[in-house]
Amino acid sequence: MEQEFQAVLDGIEGDREALAELCLALGNLPDYSGEERQVGAAVVAWLHEAGIEARLQFMAPESVNAIGLVRGTGDRAGGGRSLILNAHIDTQGARPAGGEAAEQRLRGAWIEDGQVFGRGLANDKAQLAAQMIAMRAIVRSGLALKEDLFLAGSGQETSAPPAAAADIAGWSGVGPAASQVREGYGARWLVEHGVVADYALISEVSDFRVTVAQAGYLRLRIAVPGNMAYTPGLRRGDGPSGSPNPFERAARIVLALEDWARRYETEGQETFRGGTLIPKAQVLEM
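Just add 1 to wherever you are in the sequence shown, counting from 1, and you've got the working numbering.
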């Protein structure tokens with residue numbers, strides 16, 4: 002068994018050039034959230050070439066998760082546990098002005114001084130490429146896994162695509178319909194459609210550190226009552242509370258929230274065996 006483990010490590014170490022090439026291949030494909038199909042197809046094709054079972058999981062015609070699977074023997078009694086290797090294949094941001102040249106400069110990938118660069122690689126396709134190389138090394142080593150090993154390149158991690166007609170029809174009426182962000186949507190889709198395991202190893206932008214916990218995410222909307230008066234007929238009382246204008250009233254709420262957020266970073270810290278969680282909060286839109 003030790004020899005097989007070493008074979009995996011040697012295989013990973015010997016694939017540095019292949020890793021760089023894979024990073025460039027994935028990093029120069031379109032990766033806008035909700036438009037991940039080309040990246041997903043490239044991941045699946047690479048896995049197939051490596052002899053790994055793989056498929057696309059569609060969330061929309063152009064939005065996908067890419068899934069790879071190395072099947073285990075099912076030896077749970079012998080200590081086998083299943084694992085998902087996960088990284089997202091979309092990157093936040095809209096198309097830059099300036100055409101293909103600007104898009105390549107701002108969202109492409111390249112090698113310089115022996116290092117790979119690219120926005121989409123940093124967040125998060127280089128991490129996925131590393132997982133793909135590791136999975137191939139396991140297969141090549143002949144190591145028999147006791148349980149299943151999944152690779153999941155998830156889409157719609159950073160945000161959702163523009164609001165569809167159905168979303169707008171069901172809009173709450175609070176805030177722009179298109180801003181109903183669904184961060185992590187692809188990962189949730191994976192789980193809800195059968196890609197589950199005992200453990201998950203998620204590769205993210207993390208300063209090359211390992212952690213066993215991650216802060217949760219909560220997005221709230223606050224509706225401030227009021228009305229937009231005809232300007233010549235506007236009658237104000239003293240202070241924001243005396244105005245019918247909801248934006249003026251909301252200003253006090255924004256200041257209070259930002260004041261709380263500063264305190265929360267200190268008062269809400271939680272220390273655990275993996276380090277310290279430092280919570281963050283801010284007002285995202287009005």
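Glycine is no exception: its CB is placed at the ideal position from the N, C-alpha and C atoms.
Being a predicted model, the structure only gives us computed values, none of them experimental.
Length of the line joining the Cα atoms of residue i and residue j
i      : j      : result
Leu20  : Ala123 : 14 Å
Ile68  : Phe151 : 7 Å
Ser34  : Val65  : 10 Å
Leu70  : Gln128 : 17 Å
Asp32  : Arg222 : 29 Å
Thr159 : Arg236 : 44 Å
Gly243 : Val255 : 17 Å
Glu50  : Phe248 : 57 Å
Arg220 : Asn29  : 32 Å
Contact under 7 Å by Cβ, residue i with residue j
i      : j      : result
Gly143 : Val44  : no
Tyr186 : Gln157 : yes
Ala88  : Pro97  : no
Arg56  : Glu148 : no
Gly73  : Leu10  : no
Glu63  : Arg38  : yes
Gln270 : Thr277 : yes
Leu202 : Leu86  : yes
Ala251 : Val225 : yes
Gly12  : Arg141 : yes
Ala130 : Leu27  : yes
Leu25  : Ala78  : no
Tyr265 : Pro280 : yes
Trp190 : Met2   : no
Residue environment, residue i, which counts as buried when at least 16 other CB atoms sit within 10 Å
i      : result
Lys126 : buried
Arg108 : buried
Val117 : buried
Met133 : buried
Ser207 : exposed
Val197 : exposed
Leu285 : exposed
Gly275 : exposed
Met287 : exposed
Ala46  : exposed
Ala95  : exposed
Gly41  : buried
Met136 : buried
Gln293 : Outside the displayed span of the chain (2 to 287) sits residue 293, for which this structure offers no information.
Asp114 : exposed
Thr92  : buried
Asp16  : buried
Pro177 : Low per-residue confidence applies at Pro177: pLDDT is 45, beneath 50, and the placement is therefore not dependable enough to give any value.
DSSP beta-bridge partners of residue i
i      : result
Ser155 : His89
Ala21  : Its beta-bridge partners do not exist; DSSP assigns none.
Ala201 : Ile85
Gly276 : Phe273
Gly121 : None; Gly121 has no bridge partner.
Short CB-CB distance (under 7 Å) between residue i and chain D
i      : result
His194 : In the structure shown, chain D cannot be found, because there is only a single protein chain.
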